[in-house]
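Peer 1: Following this message is one structure expressed as structure tokens.
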Amino acid sequence: MKKLFTLLLALGPAGAIAQALPTLTAPADTIRYWATSLKAGVNANEALLSDNWKGGGASSVGVSLLFNRKANYHRGRHSWDNEADFLYAGQYAKGLGYRKTTDRLWLDTKYGHDLTPHWGLFVALNALSQFAPGFDYSGDPTRLISSFLAPAYITNAYGAEYHPNARFKLRLSPFAPRLTVVRDADRFRTLPTDVVYGVNPGHNTRWEVLAAQILAELDQPLGPNANLKARYVLFANYETLSFDKISHRLDLTITAKVNRLLSVSFGTIVIYDYSQAAAVQYSQNLALGILLSREHPANAK
-18 MKKLFTLLLA LGPAGAIAQA LPTLTAPADT IRYWATSLKA GVNANEALLS
32 DNWKGGGASS VGVSLLFNRK ANYHRGRHSW DNEADFLYAG QYAKGLGYRK
82 TTDRLWLDTK YGHDLTPHWG LFVALNALSQ FAPGFDYSGD PTRLISSFLA
132 PAYITNAYGA EYHPNARFKL RLSPFAPRLT VVRDADRFRT LPTDVVYGVN
182 PGHNTRWEVL AAQILAELDQ PLGPNANLKA RYVLFANYET LSFDKISHRL
232 DLTITAKVNR LLSVSFGTIV IYDYSQAAAV QYSQNLALGI LLSREHPANA
282 K
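Numbering (our numbering), first residue to last: -18 to 282.
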């Protein structure tokens, strides 16, 4: 009984204080350190020719899908930026059937530590691939030349970042090991000795440890209803360093909104990669479609 009385005496003041404290609820203006954005769109292009059209050509219809999601955290000197970027386009032409025209899968995550307002150190991991089969239609029969994770480039980059404003970022990575993956590489070999996307016979992967990467990103408004988004990536292997063996890739998209939903978009991809082809590769797409976008900016200062 004495122990019970002592326990009640000890809990009594605590319980009274707990009842007296107000219930804590998050204020309406809660500080947000996360800034998020989402863009999703469906675009279409079409050409219709009558059966007796004497100018030549063929009726065609094309569709492209895009999805971009960002989630960026910034608090004090620390930042964590994340991006998922998907693009797919295909076209059906009378007499030729359906063919893929553009395909991109980009994932990127980066931790940064600011040294000054415009410079900081970072470590990043990014992956670049596609998620649909690609074919070479120049011969008969058509030949499979790429697919999901064939090829895929996974790069772990360390270095310094220059970010003068929210629209432009430049990463300089003197140390950026890269893993090239070609899933089931034998599918793409005509001869047993063929090197596929830099991967030697008998292997499905290639490590390039002593390498460097430069990555520049621009997200620039072009007036109240248009936007330019560009990403440039340079990759160089120190072991095979020469001017013609430095890889370059530029992804550029210009979007102009006609009204709240309708938009016109132009996109192009330019690639020079000696392990893929001896010349510059490029693709482009112009389309009208629907674009949905949402942004939730951070309010922390």
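C-beta atoms are modelled at their ideal positions from N, C-alpha and C, and glycine is treated no differently.
Note that the coordinates shown come from a computational prediction; the quantities given were computed from them, not determined experimentally.
With DSSP run on the structure shown, which of helix, strand or coil describes Lys150?
Peer 2: Here residue 150 is taken as the residue at index 169 of the sequence shown, counted from 1. DSSP places Lys150 in strand when its eight states are reduced to three.
Peer 1: Using 10 angstroms around the beta-carbon of Thr83, count the other beta-carbons present and answer buried if the total reaches 16, otherwise exposed.
Peer 2: Counted from its first residue, the sequence shown places residue 83 at position 102. Looking at its Cβ environment, which holds 16 or more other Cβ atoms inside 10 Å, Thr83 is buried.
Peer 1: Within the segment 57 to 145, note down every full beta strand (DSSP E) run reaching 3 residues or more, in order along the chain.
Peer 2: The segment 57 to 145 contains these whole beta strand (DSSP E) runs: 59 to 74, 78 to 95, 100 to 110, 115 to 117, 124 to 127 and 133 to 143.
Peer 1: Determine the DSSP secondary structure at Thr161, reduced to helix, strand or coil.
Peer 2: To locate residue 161, count along the sequence shown from 1; it is residue 180. In this structure, Thr161 counts as strand in the three-state DSSP scheme.
Peer 1: On the DSSP bridge list, what partners appear for Tyr263?
Peer 2: Taking the sequence shown and counting its residues from 1, the one referred to as residue 263 is at position 282. BP columns for Tyr263 point to Val251.
Peer 1: Taking the alpha carbon of Ser246 as the point to measure from, which residue in Trp61, Asp32, Leu68 and Gly57 has its own alpha carbon closest?
Peer 2: Stepping through the sequence shown from its first residue, residue 246 is reached at position 265. Checked all of Trp61, Asp32, Leu68 and Gly57; the closest Cα to Ser246 is Leu68.
Peer 1: According to DSSP, is Asp175 helix, strand or coil?
Peer 2: As a position in the sequence shown, residue 175 is number 194, starting the count at 1. Correct three-state label for Asp175: coil.
Peer 1: Please work out which residues of its chain come closer than 6 Å, Cβ to Cβ, to Ser244, disregarding the five sequence neighbours upstream and downstream, and give them in chain order.
Peer 2: Taking the first residue of the sequence shown as 1, we reach residue 244 at position 263. Counting only Cβ-Cβ distances below 6 Å, and skipping sequence neighbours, we find Thr236, Lys238 and Leu272.
Peer 1: So if DSSP puts Gly22 in a beta bridge, which residue, or which two residues, is it bridged to?
Peer 2: Indexing the sequence shown from 1 puts residue 22 at position 41. Looking at the DSSP assignment, Gly22 forms a beta bridge with Leu47 and Leu272.
Peer 1: Name the DSSP beta bridge partners of Ser228, please?
Peer 2: Against the sequence shown, residue 228 aligns to sequence position 247. DSSP lists Phe216 as partners of Ser228.
Peer 1: Below 8 Å, can you find three or more Cβ-Cβ pairs linking the segment 108 to 120 to the segment 147 to 156?
Peer 2: Contact between the segment 108 to 120 and the segment 147 to 156 is absent, because fewer than three Cβ pairs lie under 8 Å.
Peer 1: By alpha-carbon positions, which one of Thr97, Arg170, Asn266 and Thr90 ends up nearest to Ser127?
Peer 2: Along the sequence shown, read from residue 1 onward, the residue named residue 127 stands at position 146. For the residues Thr97, Arg170, Asn266 and Thr90, the minimum Cα distance to Ser127 belongs to Arg170.
Peer 1: Let me confirm a value: Ala281 is counted as buried when at least 16 other C-beta atoms fall within 10 Å, else exposed. Which label applies?
Peer 2: The residue labelled residue 281 in the question sits at position 300 within the sequence shown. Burial call: exposed.
Peer 1: What is the C-beta distance between Ala138 and Gln72, in whole angstroms, given that I count them as a contact (C-beta under 8 Å)?
Peer 2: Locating residue 138 in the sequence shown gives position 157, counting from the first residue. Locating residue 72 in the sequence shown gives position 91, counting from the first residue. In fact, because the Cβ distance is near 35 Å, the residues do not count as touching under 8 Å.
Peer 1: Secondary structure at Asp32, three-state DSSP: helix, strand or coil?
Peer 2: The sequence position of residue 32 within the sequence shown is 51, counting from 1. Three-state DSSP puts Asp32 in coil, outside helix and strand.
Peer 1: Let me confirm a value: Glu189 is counted as buried when at least 16 other C-beta atoms fall within 10 Å, else exposed. Which label applies?
Peer 2: If you number the sequence shown from 1, residue 189 lands on position 208. With 16 or more other Cβ atoms within 10 Å, it is buried.
Peer 1: Would Leu209 and Leu215 be called neighbours here (beta carbons separated by less than 8 Å)?
Peer 2: Taking the sequence shown and counting its residues from 1, one reaches residue 209 at position 228. Taking the sequence shown and counting its residues from 1, one reaches residue 215 at position 234. Not a contact, by the Cβ cut-off of 8 Å.
Peer 1: What is the C-beta distance between Gly76 and Ala39, in whole angstroms, given that I count them as a contact (C-beta under 8 Å)?
Peer 2: The residue you call residue 76 lines up with position 95 of the sequence shown. The residue you call residue 39 lines up with position 58 of the sequence shown. Contact flag correct, Cβ pair sits at about 5 Å.
Peer 1: Distance, Cα to Cα, Val177 vs Ser31?
Peer 2: Position 196 of the sequence shown, counting from 1, holds the residue named residue 177. Position 50 of the sequence shown, counting from 1, holds the residue named residue 31. Val177 and Ser31: Cα-Cα distance of roughly 43 Å.
Peer 1: Roughly how many whole angstroms lie between the Cα atoms of Trp100 and Asn181?
Peer 2: Taking the first residue of the sequence shown as position 1, residue 100 is located at position 119. Taking the first residue of the sequence shown as position 1, residue 181 is located at position 200. Trp100 and Asn181: Cα-Cα distance of roughly 39 Å.
Peer 1: Give the single residue among Ala217, Thr234 and Leu233 whose Cα lies nearest to the Cα of Ile227.
Peer 2: Numbered from its first residue, the sequence shown carries residue 227 at position 246. The shortest C-alpha separation from Ile227 is found at Ala217.
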